[in-house]
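Please read the structure below before turning to the comments.
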């Protein structure tokens, strides 16, 4: 019960993860519990009363278990808050990596990134994930600024050295996007080359070779090559928002080939 109170309560999955007991057994007959749907929150009096029942190891174990549940639900703010309760910066880093790995192109907001970054100790700010967060903030502030590309390039190299290919891919896709925005053909060519190298050890990067080729073709005005690159892959090969990007680029290519009716159907 002390562990459940320490993490701020939760639903049955949280209760089982943190305590090993189902929530009904854990809270059976207990007063001073507020319910919101299937989520229980114990009154602060319980937290105060039970605080002495936990040592540092118990607190960390409880926070880590609840953080893992929050992370699995894509509630990154909650996961980070739980890890910070016990100053577990390694767990904070894992939550940040999960957020960036799954969400850069699917709805991460600049205000979220700023809030997370502000909470980091200097050591984590200087790590690959910290540098990537800085690069994403610079991208939001001004995608044409050299600082954004410099930070994303650094982050990609650091993730490569750290053996984190999924996050290296995130940094490279953002770097390629910047090159496309500023019409830097050399940058897009370099990113495409790095997609190819990454794909040799990380197969999910393979479809991005086609995205890179399509970007390059668009920038040099070769609509046919752009279309050929994009139809060489399927939507199912790409994550989330990149499927939208693929269709958008296909529509542009078809329009530039004079096939407007087909473009409207994409």
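Residue numbers (our numbering): 408 to 673.
Every residue gets a Cβ at the ideal spot worked out from N, C-alpha and C, and that includes glycine.
Where residue 449 is concerned, there is no enclosing alpha helix (DSSP H), although the beta strand (DSSP E) around it starts and stops at 446-449. Around the beta carbon of residue 672, fewer than 16 other beta carbons sit within 10 angstroms, so the residue counts as exposed. Take residue 505, set aside five residues on each side of it, and the residues of its chain with a beta-carbon closer than 6 Å to its own are 478, in chain order. The region 638-650 makes no contact with the region 663-671, as fewer than three CB pairs between them are under 8 Å. For residue 516, the three-state secondary structure derived from DSSP is coil. Only residues of its own chain outside the window of five on either side were considered, and among them 630, 633, 634 have a CB closer than 6 Å to the CB of residue 660, listed in chain order.
Around the beta carbon of residue 471, 16 or more other beta carbons lie within 10 angstroms, which makes this residue buried. Taken atom to atom, the span from the alpha-carbon of residue 408 to that of residue 448 is near 11 Å. Using a C-beta cut-off of 8 Å, the region 529-538 makes contact with the region 559-573, since at least three inter-stretch Cβ pairs fall below that distance. The beta carbon of residue 489 sits closer than 7 Å to the beta carbons of 414, 470, 473, 474, 477 from its chain, once the five residues preceding and following it are set aside; these are given in chain order. Under the DSSP definition of a beta bridge, residue 441 partners with 448. Remark: C-beta atoms of residue 532 and residue 522 do not approach each other more closely than 8 Å. Between residue 555 and residue 576, the gap from beta carbon to beta carbon reaches 8 Å or more.
When DSSP reads this structure, residue 417 sits in a beta bridge with 447.
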